[in-house]
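Chemist:
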Amino acid sequence: MIELTQAIALQEPELAARQESAARQARFAGLVERQSRFVFRVAYALLRNSHDAEDAVQETFLKLYRGSAWEAIENERAFLAREAWRIAVDKIAKLRQAPHQPLDVELALRGGASPEETVLTADWNAAVHRLVDALPQELRQPLALSTVDEMNSREIAQAMGIAEGTVRTRIMRARRILKQKLAALMEGRYEKR
Amino acid sequence: MRSDDLDAMDRALAQYSNVEPLAGIEQRVLNRVRAYGAVRRSGLARWALAVAFAAAAVLTTTAVLSHHPSAKSGAGSQPAAASQAALAAPKPAAPAEFTKRPGHYGRRPAPLSREERALLALVARAPDQARDALLDLQRRGTEPLRIEEIGIEPLRSHYVDHYANEDANDDAK
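Taken in order, these protein sequences are the chains called P and S. Start counting the first sequence at 1; every next residue gets the next number (the working numbering). Start counting the second sequence at 1; every next residue gets the next number (the working numbering).
1. Would you mind telling me which residues of chain P sit closer than 7 Å to residue 17 of chain S, beta carbon to beta carbon, in chain order?
2. Would you verify that the beta carbon of residue 64 of chain S is, or is not, closer than 8 Å to some beta carbon of chain P?
3. What whole-angstrom Cβ distance do residue 43 of chain P and residue 84 of chain P have, given they're in contact under 8 Å?
4. Chain S beta carbons: is any one of them nearer than 8 Å to that of residue 58 of chain P?
5. Quick check on DSSP: helix, strand or coil for residue 26 of chain S?
6. Can you name the residues of chain P whose CB is closer than 7 Å to the CB of residue 5 of chain S?
7. Counting only beta-carbon atoms, is residue 124 of chain P nearer than 8 Å to chain S?
8. In angstroms, rounded to a whole number, what distance separates the CA positions of residue 14 of chain S and residue 21 of chain S?
9. Does the Cβ-Cβ distance between residue 53 of chain P and residue 40 of chain P come in under 8 Å?
10. Do you know how far the Cα of residue 144 of chain S is from the Cα of residue 119 of chain S?
11. Do you know how far the Cα of residue 146 of chain P is from the Cα of residue 25 of chain P?
12. Which whole-angstrom value is the C-beta distance of residue 77 of chain P and residue 155 of chain P, which I expect to be below 8 Å?
13. With a threshold of 8 Å between beta-carbons, can residue 21 of chain S be considered close to chain P, or not?
14. Output, in chain order, the set of chain S residues within a Cβ distance shorter than 9 Å of residue 38 of chain P.
15. Between the alpha carbons of residue 39 of chain S and residue 6 of chain S, how many angstroms are there, rounded?
16. At least one CB of chain P closer than 8 Å to the CB of residue 39 of chain S: is that the case?
17. Please determine if the region 30–38 of chain S and the region 58–68 of chain P are in contact, where contact requires at least 3 C-beta pairs separated by less than 8 Å.
18. Distance cutoff 8 Å, beta carbons only. Does residue 8 of chain S sit that close to anything in chain P?
19. Have a look at residue 58 of chain P and residue 28 of chain S and give me their C-alpha separation to the nearest angstrom.
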């Protein structure tokens with residue numbers, strides 16, 4: 001009887017450790033279930049490619065799992081947006097090293113015989129998206145993040161590690177450039193009509 | 001730019017990142033995390049195995065070196081009193097072939113044990129006695145073994161003796 005009691009006493013710490021490990025994995029699975037789609041959209045807004053975005057999602061959660069900081073976060077969205085943004089920016093840098101065709105507004109809009117014809121026939125959303133893709137990175141990233149699940153300027157500032165005022169300024173500048181380019185395209189379309 | 005165009009731009013921007021991932025992304029993420037955990041566990045197991053092997057090798061080497069004759073003590077076989085003085089005698093010089101040479105990192109010769117030093121002292125003090133002892137030892141070692149003839153008497157049965165005595169008494173009567 002004493003031996004049985006001693007055996008149970010020896011197994012108690014191991015049992016507690018296993019229970020703690022199982023609980024930790026359950027909490028992490030809950031975090032993945034809640035936020036994986038949000039993280040995907042953040043990554044996609046920057047990478048513009050579903051495959052790369054999913055890679056970024058997996059890397060983001062794997063990085064979190066290796067550490068223990070995720071167990072004490074207060075704002076899940078801001079924390080995860082920051083991690084995903086960092087990983088996506090690293091991926092963009094790696095993708096830039098690979099040979100690729102540079103994105104250009106005129107090239108993006110062309111597609112057919114002329115830019116005007118392309119704008120007339122192309123999908124409006126696709127045209128806007130291509131214009132956003134052609135913006136400078138410092139303007140495109142905050143504007144792209146502002147389109148993710150209604151992220152506000154404060155969350156974007158936390159994710160990018162810059163001041164909230166800077167985020168607002170960059171988004172305003174990006175939208176102004178976008179309007180100018182779209183206006184130019186619209187003038188061409190109306191003139192053609 | 002017209003106001004409806006601006007609204008259209010805002011709608012288009014709202015769709016900029018409104019993309020759904022392929023179904024099952026949560027499971028794929030968790031699978032990758034589990035795979036990472038399994039790899040880490042197997043890595044830890046490999047390290048533990050390697051450390052265990054290294055520890056076993058160190059222990060084996062230590063055990064072999066500690067059982068070398070040079071490390072043995074003379075406990076349990078105290079030499080004779082006559083040889084006690086010889087134990088304090090200075091250690092005899094090592095043979096020439098074992099002398100340390102510059103740049104030689106070979107195995108050093110084992111120093112003489114207490115018994116060997118006692119034997120050397122006996123030879124130095126009483127060479128005749130030592131020679132007789134050695135010859136006697138050799139003679140004992142070379143003489144053939146003599147085995148005495150074994151005589152076994154036949155067993156006598158108590159039952160037979162008893163009835164033989166009774167017959168003898170009957171005859172006497």
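Think of the CB as a built atom: it goes at the ideal place given N, C-alpha and C, for glycine as much as any other residue.
Modeler: Straight from the coordinates:
1. 41, 44, 45, 144, 147, 148
2. no
3. 5 Å
4. yes
5. helix
6. Those within 7 Å of residue 5 of chain S in chain P are 182, 186.
7. Judged by the 8 Å Cβ criterion, residue 124 of chain P is in contact with chain S.
8. 17 Å
9. yes
10. 27 Å
11. 32 Å
12. About 6 Å separates the CB atoms of residue 77 of chain P and residue 155 of chain P; that is less than 8 Å, so the two are in contact.
13. By this cut-off, residue 21 of chain S is an interface position.
14. Going along chain S, no residue has its Cβ under 9 Å from residue 38 of chain P, so there is no contact; the nearest lies around 10 Å.
15. Near 52 Å, if we compare the C-alpha coordinates of residue 6 of chain S and residue 39 of chain S.
16. no
17. yes
18. yes
19. The alpha-carbon of residue 58 of chain P is positioned some 8 Å away from that of residue 28 of chain S.
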